[in-house]
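Numbering (our numbering), first residue to last: 12 to 149. Here the structure is laid out as structure tokens; the discussion comes afterwards.
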Amino acid sequence: VIHLWVEGVWELIMASILAFLMIKLNGIDREVVEKWLYVIVGLALFSGILGTGHHYYWIGAPGYWQWIGSLFSTLEVAPFFTMVIFTFVMTWKAGRKHPNRAALLWSIGCSVMAFFGAGVWGPCTRCRQSTITPTARS
12 VIHLWVEGVW ELIMASILAF LMIKLNGIDR EVVEKWLYVI VGLALFSGIL GTGHHYYWIG
72 APGYWQWIGS LFSTLEVAPF FTMVIFTFVM TWKAGRKHPN RAALLWSIGC SVMAFFGAGV
132 WGPCTRCRQS TITPTARS
């Protein structure tokens, strides 16, 4: 349950806050933002729910769940990468200077840092510590 909460709900909260900020800061049409949001939410739920399958093996489920879960766990970075593309494209499409440039750059930075935290720094930590124990992920 906690794994679903972490890999599903937090990505959805971040995507919705980014969508709201892109509408307010860039003045992009709501329908355009909603289409991007559907893609991000779909990727987050699809990869997050099936990505928890690698835990099912340990509760006695068939062995194929280990493969399914591992495959979709690698795809859990896709929603974050889509959020990075979303923020850059929306800012580029707006083409105007916003008076609150700090808020706009903070929004872009949040999506970029979330992508690096979810997709880059995890494997780097694994290589640095030379371990794959659960305590390294805690």
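Each residue gets a CB set at the ideal place from its N, CA and C atoms; glycine is no exception. No experiment lies behind these values; they were computed from the predicted model shown.
- Note that the C-beta distance between G19 and G80 is not below 9 Å.
- Straight across, the Cα-Cα distance linking V44 with W132 is about 29 Å.
- Beyond the five residues adjoining it in sequence on each side, Y68 comes within less than 8 Å, by CB distance, of G74, W76, Q77, G80 in the same chain, given in chain order.
- Around the C-beta of L116, fewer than 16 other C-beta atoms lie within 10 Å, and the residue is accordingly described as exposed.
- Counting along the chain, the unbroken alpha helix (DSSP H) around Y75 starts and ends at 75-85.
- For V123, the enclosing alpha helix (DSSP H) begins and ends at 112-130.
- Our two residues, G106 and G120, have alpha carbons roughly 18 Å apart in a direct line.
- The criterion of a C-beta distance shorter than 9 Å is not satisfied by I28 and T93.
- The DSSP-derived three-state label of A55 is helix.
- Residue state for R107 is assigned as coil, using DSSP reduced to three classes.
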